[in-house]
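Chains as they are written, first to last, in the numbering used here: chain Z, 1 to 214; chain A, 215 to 428; chain S, 429 to 642. Notes for the one structure printed next.
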Amino acid sequence: MNPLVTQTLSTAQTVIEIAATGAFALSGVMEAARKRLDAVGIAVVAFLAAFGGGTLRDVLLDRRPFFWVANPWYVWALLALCVVAMLTLRARHFRVTERARQWPDALGLGLFAASGTQIALAAQMPSLVAVLMGVMTAVFGGVLRDIVCNEIPSAFRDHRPYAVCAFVGGWVLVAIDRVADLPTLALAVSALVTTLFRALAIRCNWTLPQWRTD
Amino acid sequence: MNPLVTQTLSTAQTVIEIAATGAFALSGVMEAARKRLDAVGIAVVAFLAAFGGGTLRDVLLDRRPFFWVANPWYVWALLALCVVAMLTLRARHFRVTERARQWPDALGLGLFAASGTQIALAAQMPSLVAVLMGVMTAVFGGVLRDIVCNEIPSAFRDHRPYAVCAFVGGWVLVAIDRVADLPTLALAVSALVTTLFRALAIRCNWTLPQWRTD
Amino acid sequence: MNPLVTQTLSTAQTVIEIAATGAFALSGVMEAARKRLDAVGIAVVAFLAAFGGGTLRDVLLDRRPFFWVANPWYVWALLALCVVAMLTLRARHFRVTERARQWPDALGLGLFAASGTQIALAAQMPSLVAVLMGVMTAVFGGVLRDIVCNEIPSAFRDHRPYAVCAFVGGWVLVAIDRVADLPTLALAVSALVTTLFRALAIRCNWTLPQWRTD
Chain Z
1 MNPLVTQTLS TAQTVIEIAA TGAFALSGVM EAARKRLDAV GIAVVAFLAA FGGGTLRDVL
61 LDRRPFFWVA NPWYVWALLA LCVVAMLTLR ARHFRVTERA RQWPDALGLG LFAASGTQIA
121 LAAQMPSLVA VLMGVMTAVF GGVLRDIVCN EIPSAFRDHR PYAVCAFVGG WVLVAIDRVA
181 DLPTLALAVS ALVTTLFRAL AIRCNWTLPQ WRTD
Chain A
215 MNPLVTQTLS TAQTVIEIAA TGAFALSGVM EAARKRLDAV GIAVVAFLAA FGGGTLRDVL
275 LDRRPFFWVA NPWYVWALLA LCVVAMLTLR ARHFRVTERA RQWPDALGLG LFAASGTQIA
335 LAAQMPSLVA VLMGVMTAVF GGVLRDIVCN EIPSAFRDHR PYAVCAFVGG WVLVAIDRVA
395 DLPTLALAVS ALVTTLFRAL AIRCNWTLPQ WRTD
Chain S
429 MNPLVTQTLS TAQTVIEIAA TGAFALSGVM EAARKRLDAV GIAVVAFLAA FGGGTLRDVL
489 LDRRPFFWVA NPWYVWALLA LCVVAMLTLR ARHFRVTERA RQWPDALGLG LFAASGTQIA
549 LAAQMPSLVA VLMGVMTAVF GGVLRDIVCN EIPSAFRDHR PYAVCAFVGG WVLVAIDRVA
609 DLPTLALAVS ALVTTLFRAL AIRCNWTLPQ WRTD
């Protein structure tokens, strides 16, 4: 590809990565605050929400060092975010913050699912496993956050497409990877598909087909 | 051993493995349905119930690839089972399904505990640790299922012998392994002991000795 | 250092290690008993409380063998402790036991945080990550215990300094490690700082600054 395009995409990736990690961490801060955790609990839950998915993927793939070990300033930034949030956020801001989180969250869903799938493919995982690793990268931070906060994970019960968007986007990446050796393009297209699917699902209020158990 | 016997045992092992994995997955589907999870939650909980114990064992032993990475069609079969269950299972079938699960579940308890113990012994674990790894292989799928569904794991509180059966069967395997180099026989005898112990416990309604805390 | 001092410190370390592991296990036994778990559940929760933090650290650092695999008699001792506790402990003793646990628990917090930090530094972790690994070593056993017992981890919500003491002590170890190559001294001073901080916090009834969300 044109080097300028590659450069632009790489910058966009870094910006999205930071914004999305912040949005994920913020979801942890708010969930922990709702449960009246103390400062330690807030920091741990924010950490799990932001880095839990990628860390679990790396443990399963036996990859080291973790992202946040190679870049410890990410952890410093997370601690700073917790302090700032505790000093400025009030309960009445939660609804506004929740809405402001939707966009970076959808972008992060796309980017982390696509990059997780790509990392798993590079580790010789079969296609289905790679796609599931991508979904896990994007979704399991929130799952760990909810387990520690003693809730059934919202990703498993809110009946709106979230993990499903990442699953679809992951297959897009696998398909492009099969026909061409263009990793940057595959990442961008896959992330875009997931994000648009998620945005449409929110806008149109889609729900997953219900299982009527009775 | 006679090659015909070995062949028969190997076929029996594959059949039991598939039936038991299905029974474990089904326990996850039903638990998730009871908690009104959505389709994503049902698939994840079924996955944890079916593969969680063996995966956790492999992480602790640092073994790769996981079972379901080496055989990704197992994951496809699991997804198919979830779809079929969602299309056909109704709440009124749950009691029947629960009873139908008891036999493959007891067989799986025996087989997975025995093979888990054998794998851990092959990885040079001490006897006690190997037996505990076997128990974990068979039991921790259900434990992870219950944790995600926000329940205290039923294996830890129903006061009926379940993990205990696997613990006894594991020691049988260790004992045979010490006196003779007959892995197929050790696996079969150990699995049989665990399964019969579990079947007796269900039939006779045995309970673990109670701890009266007051 | 003087060999006699080194010898004394090493003996002290072993004594504290055993006492603290016992105190951690006992916290698991009592929590499991309060939740009316059966014998299997009590043993598992005691195991998680005693060995969960160090095991999780070793999984993240990709270190093998685990502590309790290299020394399986630790697991035998844990099983013995569970049996003794079930035969002798009654609910009315819990309050007394809780208070008797405070000292070995505070000593264990200091020792395990310091040794966890030292192990992580030896594995080339950056300072902040090493300190967090130390905190995790000392604190995550209790976190796993509470998650399995379906509670929000008490370390995250009781608003008294616990993980924070270990965090401070970890930085003391990092600081000494930077200026001098005296691992035994660094371990002792760091553990002492954490333990004294914790003891002061209990004695003076300190609490973490509250986040008023409304």
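Beta carbons: idealized from backbone N, C-alpha and C, even for Gly. These numbers were taken from a predicted model, which means no experiment stands behind them.
Proximal residues to residue i (C-beta, below 6 Å), its chain only, five neighbours per side dropped
i, result
"residue 242 of chain A", "259, 260, 263, 359"
"residue 387 of chain A", "328, 331, 400, 404"
"residue 230 of chain A", "321, 325"
"residue 223 of chain A", "398, 402"
"residue 149 of chain Z", "31, 35"
"residue 130 of chain Z", "117, 120, 121"
"residue 502 of chain S", "496"
"residue 479 of chain S", "496"
"residue 123 of chain Z", "61"
"residue 590 of chain S", "583"
"residue 482 of chain S", "495, 565"
"residue 179 of chain Z", "none"
Counted within 10 angstroms of its Cβ, other Cβ atoms place residue i as buried (16 or more) or exposed
i, result
"residue 425 of chain A", "buried"
"residue 115 of chain Z", "buried"
"residue 628 of chain S", "exposed"
"residue 626 of chain S", "buried"
"residue 207 of chain Z", "exposed"
"residue 181 of chain Z", "exposed"
"residue 245 of chain A", "buried"
"residue 605 of chain S", "buried"
"residue 225 of chain A", "exposed"
"residue 33 of chain Z", "buried"
"residue 528 of chain S", "exposed"
"residue 448 of chain S", "buried"
"residue 560 of chain S", "buried"
"residue 3 of chain Z", "exposed"
Proximity below 8 Å, CB of residue i to CB of residue j
i, j, result
"residue 522 of chain S", "residue 38 of chain Z", "no"
"residue 193 of chain Z", "residue 164 of chain Z", "no"
"residue 69 of chain Z", "residue 554 of chain S", "yes"
"residue 454 of chain S", "residue 525 of chain S", "yes"
"residue 500 of chain S", "residue 275 of chain A", "no"
"residue 153 of chain Z", "residue 142 of chain Z", "yes"
"residue 630 of chain S", "residue 147 of chain Z", "no"
Proximal residues to residue i (C-beta, below 7 Å), its chain only, five neighbours per side dropped
i, result
"residue 484 of chain S", "564, 568"
"residue 166 of chain Z", "109, 113, 134, 135, 138, 139, 194"
"residue 237 of chain A", "315, 318, 319, 322"
"residue 41 of chain Z", "32"
"residue 290 of chain A", "none"
"residue 434 of chain S", "612"
Residues of its chain near residue i, where Cβ-Cβ distance is below 8 Å and the 5 sequence neighbours each way are ignored
i, result
"residue 257 of chain A", "292, 293, 296"
"residue 486 of chain S", "492, 494, 495"
"residue 373 of chain A", "421, 422, 424"
Continuous alpha helix (DSSP H) stretch holding residue i: start and end
i, result
"residue 520 of chain S", "That residue, residue 520 of chain S, is in no alpha helix (DSSP H); it is neither H nor E in DSSP."
"residue 553 of chain S", "Element bounds for residue 553 of chain S: n/a, residue is neither H nor E."
"residue 504 of chain S", "501 to 516"
"residue 152 of chain Z", "First-last for residue 152 of chain Z: undefined, no H or E at that position."
"residue 625 of chain S", "611 to 632"
"residue 441 of chain S", "431 to 462"
"residue 211 of chain Z", "It is not in any alpha helix (DSSP H) - residue 211 of chain Z carries neither H nor E in the DSSP assignment."
"residue 172 of chain A", "What the structure shows of chain A is the stretch from 215 to 428, and residue 172 of chain A is not part of that stretch, so it cannot be assessed."
"residue 156 of chain Z", "Residue 156 of chain Z -> no alpha helix (DSSP H), and no H or E assigned at all."
"residue 492 of chain S", "Premise fails: residue 492 of chain S is in no alpha helix (DSSP H) and is neither H nor E."
"residue 603 of chain S", "591 to 607"
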